DNA sequence: ACACGATCCTGACTGC
DNA sequence: TGCAGTCAGGATCGTG
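Residue numbers (our numbering): 1 to 270.
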């Protein structure tokens, strides 16, 4: 489900409900995630107060008095703040009970997500190797150009690599390359500085638009408040294989790149 | 170092 | 209706 915009929409939706709340209980119904949830999570968390909810790439960091709870939504995860006695759905794997009768509930059918306690996640290999945030000034065309020299990898895979830049998954990689007129199959090392400058600006614009529209709702992604994200209506490439290009009217084509569905316009993208 | 495929897991959907 | 096959927004690991 979530790329950077969906994670950021989640963060914005729940951060104010979490700030200064005290954790009064924890229930792990199924701790078998990408890595096992800490077995003693309740002992570790109960009594601590929540200071902030921060995002780094597609990771969320819940800052508590004595450390941080690292959260990742994987492909199918979601995180909501609910009244404590809200009925359970299947795959509601972790509940963190808060004062004021609320619960922070982690839901993840495919269990590719993470819920892990630690004291310094920024030093952990999971986060330490991440590339820049797309909204940071060091993410720009010159950076992409420099980093891509000599690389034969298709530019789409290069853009989705979270050591290049964090947060750009399959949907937004497709959209950014479409809007930039760059063929996703083109070798990353053979794209000009000028085109990378356009691509970097486009990535930022696409992600910002998606956040402003509440993210992209496919299948079950909804806001923390249950609303849908409307960026799906703005998708020009992703999910539109076989339909006509909004720019030139030709038929959009689909190929698989690094195992991921890739949609592009053979006429507009080079 | 680099690029790719397989893999973790469940659910939705397709076609027979 | 049922069953097999395919695919899905991520990230890591092993391979050549």
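Glycine residues also receive a C-beta, built at the ideal position from the N, C-alpha and C atoms.
No experiment lies behind these values; they were computed from the predicted model shown.
| query | result |
| --- | --- |
| Proximal residues to residue 22 (C-beta, below 8 Å), its chain only, five neighbours per side dropped | 47, 48, 49, 50, 98, 99 |
| Which residues DSSP lists as bridging residue 254, in chain order | 263 |
| Residues near residue 120 in its chain [Cβ-Cβ closer than 7 Å; skip 5 each side] | none |
| Alpha-carbon spacing of residue 32 relative to residue 106, whole angstroms | 13 Å |
| Residues near residue 236 in its chain [Cβ-Cβ closer than 6 Å; skip 5 each side] | 178, 246 |
| Any beta strand (DSSP E) of 3 or more consecutive residues that is wholly inside the segment 44-118 | 50-56, 59-64, 67-72, 78-83, 92-98, 102-107, 114-118 |
| Touch test, the segment 130-144 against the segment 161-176, Cβ-Cβ under 8 Å, three pairs minimum | yes |
| Coil, strand or helix - residue 149 by DSSP | coil |
| Under 7 Å between C-beta atoms of residue 269 and residue 211 | no |
| Whole runs of the alpha helix (DSSP H) within the segment 135-215, excluding any shorter than 4 residues | 141-148, 155-160, 170-180, 193-212 |
| Own chain residues within Cβ distance below 7 Å of residue 138, not counting five before or after | 132 |
| Nearest neighbour of residue 241, chosen from 262, 229, 232 [CA to CA] | 262 |
| Member of 158, 71, 3 whose CA lies at the smallest distance from the CA of residue 188 | 158 |
| Boundaries of the alpha helix (DSSP H) in which residue 37 is found, first to last residue | Per DSSP, residue 37 belongs to no alpha helix (DSSP H) and is neither H nor E. |
| Exposure of residue 87, with buried meaning 16 or more beta-carbon neighbours within 10 Å | exposed |
| Cβ-based neighbour list, residue 30, same chain, cut-off 6 Å, excluding 5 preceding and 5 following | 93 |
| Within 7 Å, strictly: CB atoms of residue 232 and residue 216 | yes |
| At least three beta-carbon pairs within less than 8 Å, the segment 141-156 to the segment 107-119 | no |
| Beta-carbon spacing of residue 62, residue 73 below 7 Å | no |
| Three-way DSSP call (helix, strand, coil) for residue 18 in this model | helix |
| Residue 108 versus residue 36 - alpha carbon distance | 14 Å |
| Nearest candidate by alpha-carbon position, reference residue 112, set 173, 27, 59, 264 | 59 |
| Pairwise C-alpha distance: residue 175 and residue 253 | 14 Å |
| Extent of the continuous beta strand (DSSP E) to which residue 27 belongs | 23-28 |
| Reduced DSSP category for residue 305 - H, G, I as helix; E, B as strand; rest coil | Past the edges of the chain, shown from 1 to 270, lies residue 305, and the structure says nothing about it. |
| In DSSP terms, what residue 244 is bridged to | 251 |
| Residue 251 to residue 4 span [Cα, whole Å] | 29 Å |
| Straight-line Cα distance separating residue 43 from residue 239 | 45 Å |
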